[in-house]
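Colleague:
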Amino acid sequence: MQLNTVEIAKILGYGSEIAAAEITEVSTDSRKVGAGTLFVALKGERFDGHDFIREVLDKGASAAVAEYVPAGTDPARVIVVEDTLKAFGKLGQYNRRQFKGTLIALTGSSGKTTVKEELKAVLSRFAPTYATNGNFNNHIGVPRSLLDLDMGARYAVIEMGMSARGEIEYLTQLAEPDIAIVTNVYPMHIEFLGSLKNIARAKAEIFSGLRKGASEGKQGIAIFNEDAAYADILRAEAEKYAVTVCAYGRNNHPDVPLALEDEAEHCRYNAWCVLKTAEILDLDLTAAAEAINGFSAPEGRGKKHRLNIGGRRVVLIDDSYSGQPEAMKLAVRSLAKLPVQGRRIAVLGKMAELGDFSRQAHIEVGQELAAAGIDAVVGVCAETRDMLAQLPERTERHYFDTADGVAAFLTGNLLQDGDAVLVKGAHYSSQVFKVAEALKQYEEK
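All the letters of the sequence shown, read from the start, carry residue numbers 0 to 444 under numbering that gives the first Met the number 0.
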């Protein structure tokens, strides 16, 4: 961002006098400030940026955005707003409006980050491409991503997440995408949204932010998975806001040969989504398919690691970043199809934010494990007891209250030469990512 404080004050609706200074970056981290920095004092559960305003200004930050002027602070260096989070969003929106390339926004219940990275890999084959860093997909992450846009890029891919109605609507209004995508609708966050139908409505909010034409008419492009739950809702909402509506699915996708690293169905849907986007952008689909074929899943989202544990060669499928019912089932099916010399083992943590649906969801994953013929299952957290109870006698099963000690058990007692082990579960509440991280120390160099 290249603005001065007077211009920023105007963008944020601040009418009082502000000391003029050039701004080259916006930060919400008091540890990362210097000359040319505009510090935005956000409030969090464990911190309040207002407590650090004097410190950051003393460090050399040019100005701060705050809801009040802290005692002992020069008011001419503070832009006062009603809500610093909304101000942060406005700054992101302003920066987005300076971007001359094509901005693509995407959401979905599962696999958002993987599709985002796959899109980036494909689009980068054709032109400079910017994409959301990691999973910066919420009310702080999306404005941050918009502020970090590479103005020299031809394409930008912005990921959006949510846990309640209205959240995607807010984010898409900031991002004003040229293309908006919904990849799938699963019972993620159903504890807060109540039904799968409401989840579809919440995801479809992404279409409401599509850029308008010169006469404020419909202009953008909407892309959605026609095989998703409540695809009729996705289509209806897309048609409200987009001048072009495109669907993709099992029987409706660009006819281009694919040789994916993982042939699981959800990986094919990811590829079809990316190919449909490339087709809309009039890109060479053969070159796009080549990029897709060479794509590897990101860390924690199905990435495969080859381990050597004291001479025992094991494949780790690290899908530990998140866990929700449909994604769990898809991961189990993918494990079942993986060629192995030894056994197929699943280390599964609890699934979170399912409310009254939780017990049934864990039972269904257990039934999937049984049907897939997985050789051994390790359940982590109390909720997985319902999962383990569905397994047939032939399936070896183990239970742990927490993720602590699971990796040591695997390496010391369970894993044999030629085995493949899947690790998946709710990231924060099950902590099974600790298991994957511990196993990676054995990765072959």
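By construction, the Cβ of each residue, glycine as well, lies at the ideal position given by its N, Cα and C atoms.
Which residues mark the beginning and the end of the beta strand (DSSP E) in which Cys-245 is found?
Modeller: Looking at the DSSP string, the run of the beta strand (DSSP E) that includes Cys-245 is 243 to 247.
Colleague: Which word fits Arg-95, buried or exposed, when buried means at least 16 other C-beta atoms lie within 10 angstroms of its C-beta?
Modeller: Answer is buried; the Cβ neighbour count reaches 16.
Colleague: Which stretch, first to last residue, makes up the beta strand (DSSP E) that contains Ser-26?
Modeller: Where Ser-26 is concerned, the enclosing beta strand (DSSP E) stretches over 24 to 26.
Colleague: Could you spell out where the alpha helix (DSSP H) holding Ala-360 opens and where it closes?
Modeller: 357 to 371 is the extent of the alpha helix (DSSP H) around Ala-360.
Colleague: Under a three-way DSSP split, which group does Asn-94 fall into?
Modeller: Three-state result, Asn-94: helix.
Colleague: Taking 9 Å as the cut-off, decide whether the C-beta atoms of Ala-60 and Leu-84 are in contact.
Modeller: Against a cut-off of 9 Å, the Cβ pair of Leu-84 and Ala-60 comes out as no contact.
Colleague: On the three-pair Cβ rule with 8 Å, is the region 3 to 12 touching the region 89 to 105?
Modeller: Contact holds: three or more Cβ-Cβ distances are below 8 Å.
Colleague: Give the range of the alpha helix (DSSP H) segment to which Ala-126 is assigned.
Modeller: Per DSSP, Ala-126 belongs to no alpha helix (DSSP H) and is neither H nor E.
Colleague: Can you say whether Ala-213 is buried or exposed, counting buried as having 16 or more other CB atoms within 10 angstroms of its CB?
Modeller: Because the pLDDT of Ala-213 is 48, which lies under 50, any placement of that residue in the model is unreliable, and the question is left without a value.
Colleague: Could I get the ranges of all uninterrupted beta strand (DSSP E) runs contained in the region 142 to 185, with 3 residues as the minimum, in chain order?
Modeller: Counting only runs of 3 or more, we get 154 to 158, 178 to 181.
Colleague: Output needed for Ala-221: all residues of its chain with C-beta closer than 6 Å, excluding positions within five of it in sequence on either side, in chain order.
Modeller: The answer, listed in chain order, is Ala-179, Phe-206, Ala-237, Ala-241, Val-244.
Colleague: Beta carbon of Ala-419, beta carbon of Leu-347: below 9 Å?
Modeller: Not closer than 9 Å, so no.
Colleague: Please report the distance separating the alpha-carbon of Gly-133 from that of Glu-44.
Modeller: Between Gly-133 and Glu-44, the C-alpha separation is close to 22 Å.
Colleague: State the DSSP-derived secondary structure class of Ile-316, mapped to helix, strand or coil.
Modeller: In this structure, Ile-316 counts as strand in the three-state DSSP scheme.
Colleague: Helix, strand or coil: which one does DSSP assign to Glu-44?
Modeller: Coil.
Colleague: Taking Tyr-268 as the reference, which of Arg-76, Leu-421, Arg-53, Glu-117 has the closest Cα?
Modeller: Of the listed residues, the one whose Cα sits closest to Tyr-268 is Glu-117.
Colleague: Could you give the distance in angstroms between the alpha-carbon of Gly-322 and the alpha-carbon of Val-313?
Modeller: One C-alpha to the other measures close to 23 Å.
Colleague: Residues bridged to Gly-348 by DSSP?
Modeller: BP columns for Gly-348 point to Val-379.
Colleague: Let me confirm a value: Arg-305 is counted as buried when at least 16 other C-beta atoms fall within 10 Å, else exposed. Which label applies?
Modeller: Arg-305 should be labelled exposed.
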